[in-house]
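Quick note on numbering: the sequence shown equals residues 101 to 312 in my numbering. See below for the structure under consideration.
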Amino acid sequence: MSPRSPVGSLGSRRRPSKGDLTSQAILDTAERLLQTRSLDDIAVDELAAGAGISRSTFYFHFSSREAVLHALSARVLDALYESASSWLRRGSEPPEAAIRRALGATLAVWRAHGPVLRAAVRARDTDPLMRDFWTGVARRFVDATAEQITWERDAGVAVDGPDARSLAAVLVSMNEQAFLGRSVARRSAKKDRELVDALTFVWLRSVYGDSS
101 MSPRSPVGSL GSRRRPSKGD LTSQAILDTA ERLLQTRSLD DIAVDELAAG AGISRSTFYF
161 HFSSREAVLH ALSARVLDAL YESASSWLRR GSEPPEAAIR RALGATLAVW RAHGPVLRAA
221 VRARDTDPLM RDFWTGVARR FVDATAEQIT WERDAGVAVD GPDARSLAAV LVSMNEQAFL
281 GRSVARRSAK KDRELVDALT FVWLRSVYGD SS
């Protein structure tokens with residue numbers, strides 16, 4: 101699942117600078133191109149042209165295509181954290197409802213940003229920067245999930261079982277593989293519901309000892 105996000109003061113929002121808008125244009129171009137091609141097949145000149153800038157301006161904002169993917173991944177993973185927060189902030193909401201809602205929202209993010217997430221997963225096998233990034237992401241997800249499992253156990257809601265962190269690692273890995281596979285499959289609301297149903301069942305059995 102995802103970690104708790106601290107809630108701070110909203111304060112006043114500054115208007116995006118020209119540099120912010122340029123970086124955003126580069127990221128948007130990269131995400132669009134990744135829908136049909138791999139990162140290796142996308143040239144820096146294409147990213148620059150899509151953003152309406154020169155090649156030198158591109159390098160002012162990003163050191164490489166891989167750096168663009170890293171920034172894109174961070175942006176999408178923020179959405180994943182938010183979508184998966186339902187369970188960690190469930191309050192009085194029944195576990196099944198919170199888990200199902202979190203899983204459904206997470207699948208929606210994979211559906212919307214699948215090309216970016218798949219490119220990031222592939223890159224972690226060859227790119228040390230992306231490997232370190234994903235290691236940190238996995239640790240954040242697993243730590244937060246383990247913390248919630250421990251909290252649920254201490255509250256007498258969840259059942260005792262395997263070490264909380266070991267269980268969390270298995271569940272988080274299961275989610276990633278399931279959503280990765282589903283993100284490349286033909287869109288089907290029925291199949292998406294079936295996947296969420298199956299994952300919800302496993303989470304409930306593993307953490308709470310039942311599926312109700």
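Even for Gly, the Cβ is constructed at its ideal location relative to N, Cα and C. Predicted model only: the values in this text are computed from it and were never measured.
Annotation: the stretch 128-211 contains the following complete segments of the alpha helix (DSSP H) (minimum length 4 residues), in chain order: 144-151, 155-161, 165-183, 185-188. Minimum Cα-Cα distance from G204 among the listed residues A149, S283, G152 corresponds to S283. In this structure, the alpha-carbon of D140 lies about 10 Å from that of A223.
In the DSSP assignment, V270 falls within the unbroken alpha helix (DSSP H) covering 264-283. Rounded to the nearest angstrom, the gap between the Cα atoms of A167 and S138 is 15 Å. Straight through space, the alpha carbons of K118 and L147 are spaced by roughly 17 Å. Nearest Cα to N275 within the set S163, V216, A202: A202.
In this structure, DSSP gives A246 a helical state, which the three-state scheme calls helix.
For the pair E196 and L121, the CB atoms are not nearer than the 8 Å cut-off. Per DSSP, the unbroken alpha helix (DSSP H) holding S306 starts and ends at 289-308. In this structure R265 is in contact with A246, their Cβ atoms being roughly 4 Å apart against a cut-off of 8 Å.
In this structure, DSSP gives T122 a helical state, which the three-state scheme calls helix. Note that the stretch 148-160 does not touch the stretch 171-186; fewer than 3 beta-carbon pairs, one per stretch, sit closer than 8 Å. In this structure, the CA atom of G281 is about 31 Å from the CA atom of W251. Secondary structure at A220: helix, using DSSP grouped into helix, strand and coil.
Per DSSP, reduced to three states, the secondary structure at G261 is coil, with no helix or strand assignment. Here the stretch 282-299 does not lie against the stretch 234-249, with fewer than 3 beta-carbon pairs under 8 Å apart. Just measuring C-alpha positions, the residue of V257, I199, V270 sitting nearest S186 is I199.
Distance between H213 and S123, taken at the CA atoms: about 18 Å.
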